[in-house]
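All the letters of the sequence shown, read from the start, carry residue numbers 2 to 365 under the numbering used here.
Contents: one structure, followed by commentary.
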Amino acid sequence: EVVTLRYENLKIKNFRGFKELTISNLTRINLFVGKNAVGKTALLEAVFVHNGFYNPSLAISVNALRGLEPYKSDPLTSFEVPWSSLFNDYKMEDPIEIESDNEKGKSKTRLKALNLEEKIQLVEKLRRETFGMPVFSAESIQVLQFQFQRDIKQENREYFLILDQNDLRVLPVPQSPDFSTIIIPSSRRPVPQELSEKFSKLMISDKKLIKDIVDVSRIFEPRLREITILTVGNIPILHADIGIGRFVPIYYLSEGLVRALYIGLSMFEVRNGVLLIDEIENGIHYSVLRDFWKFLSKLSELFNVQIFATTHSYECIAAAHEAFSKDSSDFKLYRLEKLDEEIVTKEFSNNDLETVFKAGFEIR
Numbered sequence: 002e003v004v005t006l007r008y009e010n011l012k013i014k015n016f017r018g019f020k021e022l023t024i025s026n027l028t029r030i031n032l033f034v035g036k037n038a039v040g041k042t043a044l045l046e047a048v049f050v051h052n053g054f055y056n057p058s059l060a061i062s063v064n065a066l067r068g069l070e071p072y073k074s075d076p077l078t079s080f081e082v083p084w085s086s087l088f089n090d091y092k093m094e095d096p097i098e099i100e101s102d103n104e105k106g107k108s109k110t111r112l113k114a115l116n117l118e119e120k121i122q123l124v125e126k127l128r129r130e131t132f133g134m135p136v137f138s139a140e141s142i143q144v145l146q147f148q149f150q151r152d153i154k155q156e157n158r159e160y161f162l163i164l165d166q167n168d169l170r171v172l173p174v175p176q177s178p179d180f181s182t183i184i185i186p187s188s189r190r191p192v193p194q195e196l197s198e199k200f201s202k203l204m205i206s207d208k209k210l211i212k213d214i215v216d217v218s219r220i221f222e223p224r225l226r227e228i229t230i231l232t233v234g235n236i237p238i239l240h241a242d243i244g245i246g247r248f249v250p251i252y253y254l255s256e257g258l259v260r261a262l263y264i265g266l267s268m269f270e271v272r273n274g275v276l277l278i279d280e281i282e283n284g285i286h287y288s289v290l291r292d293f294w295k296f297l298s299k300l301s302e303l304f305n306v307q308i309f310a311t312t313h314s315y316e317c318i319a320a321a322h323e324a325f326s327k328d329s330s331d332f333k334l335y336r337l338e339k340l341d342e343e344i345v346t347k348e349f350s351n352n353d354l355e356t357v358f359k360a361g362f363e364i365r
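Here it is as structure tokens:
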């Protein structure tokens, strides 16, 4: 099924470093640039959380993407809870609101840390309505409330992420999302089993798509003929035929090839959804960046995926500009800037970038 863009406009309030941020006129492939600590990664996390309403625990798993493993604190003794860093300046009294829209309607995700009175009301409500409700007091728990509203079906959902001294639980049981969202952190190098699992899903679905991915992956390894899964020491590992009379583990080949395959297979896994890629140029040599962008464009169109990516690289920006010179409507660049403690965005079409490069302006 071909769908419209999942996000055309986005508004983020009280999330991480954003007091309020509005991004308009999003397109199929969106690249975000800006100085360190201006919120590029946080923007991807906000989109991830926005579509994570069906699984509120994703709201704290974003910390693991920054190298901080999810932790469980004691709600009676700890000054922090796992989700406190999501709130702007750690002010949990101000709810997080993330809104988006496209031609089908608006969606809104709201995250609120409940105060004691609200926790008392929640505990009483759950004891009345939920069979087998664990016995705990409102004073001994921390609660993050998720509210999700959507115009399309006049839909309203509500979930609670509850932390007590024994467990972290979600009530009620979450539902599946209408579309998937995957986030690829900047330092993420997929383990062999993960890459093989993604490849297996593609093999089961459509072998022709494997040929498509292999074809476009030759920009990283021109000798590439075939990719298959072989078991080494009970571990399934992707191997490549590069014409030397035997298969070679792809991890022995180009780092760019591994990164590109991971992104391409993730794009298949998230088809008809959204893919978020932090520091997209990581592992990719500048000489193939233009072809890499063409690789992304082809697969995003093939799998109907909207892409949000970040970069620090001038070469990456220039390569994207060149790759989309004949089809500029599918690509847009946004620069995040901090002005008087507020973060704002400046929007650049591919035509605008032409002017920027000719004038020699700094765009990163």
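C-beta atoms are modelled at their ideal positions from N, C-alpha and C, and glycine is treated no differently.
- prompt: Hey, out of L340, N273, Y8 and M268, whose CA is closest to N103's CA?
  reply: Between N103 and the set L340, N273, Y8 and M268, the nearest pair of CA atoms involves Y8.
query: Which partner residues of L160 appear in the DSSP bridge assignment?
result: Per the sequence shown, the amino acid found at residue 160 is Tyr instead of Leu. Its beta-bridge partners are F147.
task: Would you tell me roughly how many angstroms separate the C-alpha atoms of F221 and S255, rounded to the nearest one?
output: 7 angstroms
field: Beta-bridge pairing of Q307 - partner residues as DSSP gives them
entry: V275
- request: Assign G361 to one of three DSSP states: helix, strand, or coil.
  value: coil
field: Outcome for D152 when other beta-carbon atoms lying within 10 angstroms are tallied against a minimum of 16
entry: With a 10 Å radius around the Cβ and a threshold of 16 neighbouring Cβ atoms, D152 comes out exposed.
- prompt: Any idea what DSSP makes of D331, helix, strand or coil?
  reply: helix
message: Given this structure, state the Cα-to-Cα distance separating P223 from G234, to the nearest angstrom.
response: 29 angstroms
task: Kindly indicate which three-state DSSP category R226 falls into: helix, strand or coil?
output: coil
field: Local conformation of V3 per DSSP, three classes
entry: Confidence at V3 is low in this model, with a pLDDT of 48, below 50, so its placement is unreliable and the value that follows should be read with caution. When secondary structure is reduced to three states using DSSP, V3 falls in the coil class, being assigned neither helix nor strand.
field: Under 8 angstroms between C-beta atoms of S373 and N283
entry: No answer is possible for residue 373: it lies beyond the span of the chain, which begins at 2 and ends at 365.
message: Let me check one thing: in DSSP terms, what residues is A114 bridge-paired to?
response: L145
field: Pairwise C-alpha distance: L11 and S25
entry: 6 angstroms
- prompt: Can you tell me whether DSSP reads N235 as helix, strand or coil?
  reply: coil
message: Whole angstroms are fine: how far does the CA of R128 sit from the CA of Y160?
response: 15 angstroms
message: I'd like the list of long-range same chain contacts for R408, defined as Cβ closer than 6 angstroms, with 5 residues on each side in sequence excluded.
response: The chain is shown only over 2 to 365; residue 408 falls outside these bounds and no answer can be derived.
- prompt: Between F269 and F304, which are expected to be in contact by the criterion C-beta below 8 angstroms, what is the C-beta distance as a whole number of angstroms?
  reply: With a beta-carbon spacing of about 6 angstroms, F269 and F304 fall inside the 8 angstroms limit used to define contacts.
- prompt: Hey, T42 and T311: beta-carbon distance below 8 angstroms or not?
  reply: yes
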